[in-house]
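What follows is one structure encoded as structure tokens, with my remarks underneath.
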Amino acid sequence: MPTRRRSWAEPWKVKMVEPIKMTTREFREQALEEAGYNTFLLRSEDVYIDLLTDSGTSAMSDRQWAGMMLGDEAYAGSRNFYHLEETVRDVYGYRHLIPTHQGRAAEHMISQILIKDGDVVPGNMYFTTTRLHQELAGGRFLDVIIDEAHDPEVMHPFKGNVDLGKFQAVIDEYGADHVPYICIATSVNMCGGQPISLGNLREVSELAHRHGILVVHDMTRVAENALLIKEREEGYADVPMADIVRQICDLTDVATMSSKKDHLVNIGGFLAVNDPGIADKARNMVVIYEGLHTYGGMAGRDMEALAIGIRESIQHDHIHARVGQVHYLGHKVADQGIPIVQPIGTHGVFLDAKRFLPHLDQDLFPAQTLAAAIYADSGVRSMERGNVSAGRNPETGQNRRPHLELVRLTIPRRVYTQAHMDVVAESVMEVWDGREAITGLEFTYEPKYLRFFQARFKPVE
Ligand SMILES: *Cc1c(COP(=O)(O)O)cnc(C)c1O
Numbered sequence: 456m457p458t459r460r461r462s463w464a465e466p467w468k469v470k471m472v473e474p475i476k477m478t479t480r481e482f483r484e485q486a487l488e489e490a491g492y493n494t495f496l497l498r499s500e501d502v503y504i505d506l507l508t509d510s511g512t513s514a515m516s517d518r519q520w521a522g523m524m525l526g527d528e529a530y531a532g533s534r535n536f537y538h539l540e541e542t543v544r545d546v547y548g549y550r551h552l553i554p555t556h557q558g559r560a561a562e563h564m565i566s567q568i569l570i571k572d573g574d575v576v577p578g579n580m581y582f583t584t585t586r587l588h589q590e591l592a593g594g595r596f597l598d599v600i601i602d603e604a605h606d607p608e609v610m611h612p613f614k615g616n617v618d619l620g621k622f623q624a625v626i627d628e629y630g631a632d633h634v635p636y637i638c639i640a641t642s643v644n645m646c647g648g649q650p651i652s653l654g655n656l657r658e659v660s661e662l663a664h665r666h667g668i669l670v671v672h673d674m675t676r677v678a679e680n681a682l683l684i685k686e687r688e689e690g691y692a693d694v695p696m697a698d699i700v701r702q703i704c705d706l707t708d709v710a711t712m713s714s715k716k717d718h719l720v721n722i723g724g725f726l727a728v729n730d731p732g733i734a735d736k737a738r739n740m741v742v743i744y745e746g747l748h749t750y751g752g753m754a755g756r757d758m759e760a761l762a763i764g765i766r767e768s769i770q771h772d773h774i775h776a777r778v779g780q781v782h783y784l785g786h787k788v789a790d791q792g793i794p795i796v797q798p799i800g801t802h803g804v805f806l807d808a809k810r811f812l813p814h815l816d817q818d819l820f821p822a823q824t825l826a827a828a829i830y831a832d833s834g835v836r837s838m839e840r841g842n843v844s845a846g847r848n849p850e851t852g853q854n855r856r857p858h859l860e861l862v863r864l865t866i867p868r869r870v871y872t873q874a875h876m877d878v879v880a881e882s883v884m885e886v887w888d889g890r891e892a893i894t895g896l897e898f899t900y901e902p903k904y905l906r907f908f909q910a911r912f913k914p915v916e
């Protein structure tokens, strides 16, 4: 007897709905022009399916909403802070918790605390806010990710891995005294949501610690990374998610977290550290920039929802369905021969704009252009991750022209259905069919910092 295919489905049902608006092509073309062809500048109301980001866009569970009613809004020593601290210790093992309003605040503090003028900070690919805070603290980011990560066509199960030879070369060239830490992201956002293996992380951690270099964990998507370790790395198939997550954290010294991703809340984050001296410095800084060390920019209710979200984030059923939905969309698009980053990542499907629009020079911003074209076609909002996001090299003033020129279709957690994914795939196919007629974009306004957020463009003639 042939075995019958058995589908899996999300481990939740819908309890409340939010209507979304369908618009005409004419309306969307007008909206795009007003937004300077930057999907960040569109009004969310004018978006049909919003795949701009998975940041802060998750649907909370009924348990999290119930937690919101348990907010202890005391200025100091809120009960919810202690619940959060206990949860972080229990799930991740980090000893000291400094809450922040979101991830970049934690990046700011750790960069200021650990980086001296002239230092270098290696990492497994840059992230926009992470690198900027390193630079503002007087440091310079150096990419030590494996070469495969920069090639969207190469299949590799752990494209987030560090090239130990590159890391060693940084230590040899600059001296360990000028390398305060290595920054390790789990499920590396900028190369398509690609995981690092536990085997590689173990070697990175050993090499760093042998030279007195700290390991800072950008743990924004640690659960998504842990799932792929379970599925792909030998010896982990039967290890519970919680144990894999814990093993990752145990190899690192400091963590910065944007809880707007993995943790299923709309706002929040933290810095977590093991060293009491660093914790003291961070507690001294958090009162300047965020708020008291027992709330750090979050309301008590937000800390409660976050503590509950941390536990939900490492449940295998949840993370399997979350990444499964991303893979459903990815296969649907790739099966049409449309170029995407392979293997399909954890939080989104990344279209390869260089191969999608090969007739456009990179300084005509193919990914920015493609994101605009998809919105015009269907009202689906995506995000550029390419030449605009990479910014200019501070030394030469030229566009960085990164290898990866991508459009990210990022899937919010627990928000959209499989039918929404079908609509997205059909829109990408429609734009693919008309790709030859697409021309590029040029700046009409270019901000100095993190230009992708607020830049404005116009189509080139
Ligand atoms: C989102 C993100 C950050 C920054 O966090 P915010 O909460 O947006 O400030 C840092 N690193 C990675 C990998 C991220 O995805």
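For the sequence shown, the numbering used here gives the first residue as 456, with consecutive numbering after it. Just so you know, even glycine gets a beta-carbon here, dropped at the ideal spot from N, CA and C.
Same chain only: Cβ atoms within 7 Å of residue i, ignoring 5 sequence neighbours per side
| i | result |
| --- | --- |
| residue 757 | 720, 722 and 723 |
| residue 788 | 795, 804, 880 and 883 |
| residue 549 | 543, 704, 710, 727, 728 and 729 |
| residue 534 | 527 |
| residue 835 | 503, 504, 506, 829, 879 and 882 |
| residue 742 | 748 |
Own chain partners of residue i with C-beta closer than 8 Å, once the 5 adjacent residues on each side are dropped
| i | result |
| --- | --- |
| residue 913 | 491, 492, 896, 897 and 899 |
| residue 501 | 476, 478, 482, 483, 486 and 834 |
Option in the options with minimal Cα separation from residue i
| i | options | result |
| --- | --- | --- |
| residue 519 | 880, 862, 822 and 766 | 766 |
| residue 870 | 660, 488, 498 and 516 | 516 |
| residue 769 | 797, 678, 795 and 510 | 678 |
| residue 537 | 499, 706, 760 and 481 | 760 |
| residue 503 | 774, 478 and 737 | 478 |
| residue 906 | 460, 475 and 496 | 496 |
| residue 663 | 648, 815 and 627 | 627 |
| residue 764 | 615, 735 and 546 | 546 |
| residue 462 | 775, 810 and 809 | 775 |
| residue 464 | 858, 771 and 529 | 771 |
| residue 689 | 653, 739 and 488 | 653 |
| residue 811 | 888, 818, 473 and 640 | 888 |
| residue 716 | 642, 751, 838 and 457 | 642 |
| residue 672 | 666, 692, 552 and 706 | 706 |
| residue 799 | 742, 696 and 680 | 680 |
| residue 660 | 718, 559 and 579 | 579 |
| residue 809 | 862, 619 and 600 | 862 |
| residue 924 | 740, 696, 858 and 827 | Because residue 924 is not part of the residues shown, which for the chain are 456 to 916, the question remains open. |
| residue 581 | 554, 891 and 600 | 600 |
Same chain, Cβ closer than 6 Å to residue i, neighbours up to 5 away in sequence not counted
| i | result |
| --- | --- |
| residue 595 | 575 |
| residue 755 | 526, 527, 528, 533 and 535 |
| residue 797 | 610 |
| residue 571 | none |
| residue 559 | 584 |
| residue 791 | 884 |
| residue 563 | 588 |
Assigned secondary structure, residue i (DSSP; H/G/I helix, E/B strand, else coil)
| i | result |
| --- | --- |
| residue 649 | strand |
| residue 716 | coil |
| residue 761 | helix |
| residue 697 | helix |
| residue 821 | helix |
| residue 816 | coil |
| residue 703 | helix |
| residue 614 | coil |
| residue 524 | coil |
| residue 484 | helix |
| residue 595 | strand |
| residue 750 | coil |
| residue 551 | strand |
| residue 475 | coil |
| residue 740 | helix |
| residue 854 | strand |
| residue 724 | strand |
| residue 914 | strand |
| residue 795 | strand |
| residue 603 | helix |
| residue 683 | helix |
| residue 574 | coil |
| residue 559 | helix |
| residue 803 | strand |
Any non-hydrogen atom of ligand 3 within 8 Å of residue i CB
| i | result |
| --- | --- |
| residue 562 | With respect to ligand 3, the structure offers nothing, as its ligand set consists of ligand 1. |
Cβ pair count under 8 Å reaching 3, the stretch 798-814 against the stretch 771-781: As far as the Cβ criterion goes, the stretch 798-814 touches the stretch 771-781, which means the pair count is three or higher.
Given 8 Å, three or more beta-carbon pairs between the stretch 839-853 and the stretch 743-755: Verdict: no, contact absent.
Any 3 or more C-beta pairs closer than 8 Å across the stretch 688-701 and the stretch 813-823: With the cut-off at 8 Å, the stretch 688-701 and the stretch 813-823 do not touch.
The stretch 642-650 in contact with the stretch 589-606 per 3-pair CB rule at 8 Å: The stretch 642-650, when compared against the stretch 589-606, does touch it at the 8 Å Cβ threshold.
Cβ contact (3+ pairs, closer than 8 Å) linking the stretch 560-567 and the stretch 616-630: No, the stretch 560-567 does not touch the stretch 616-630.
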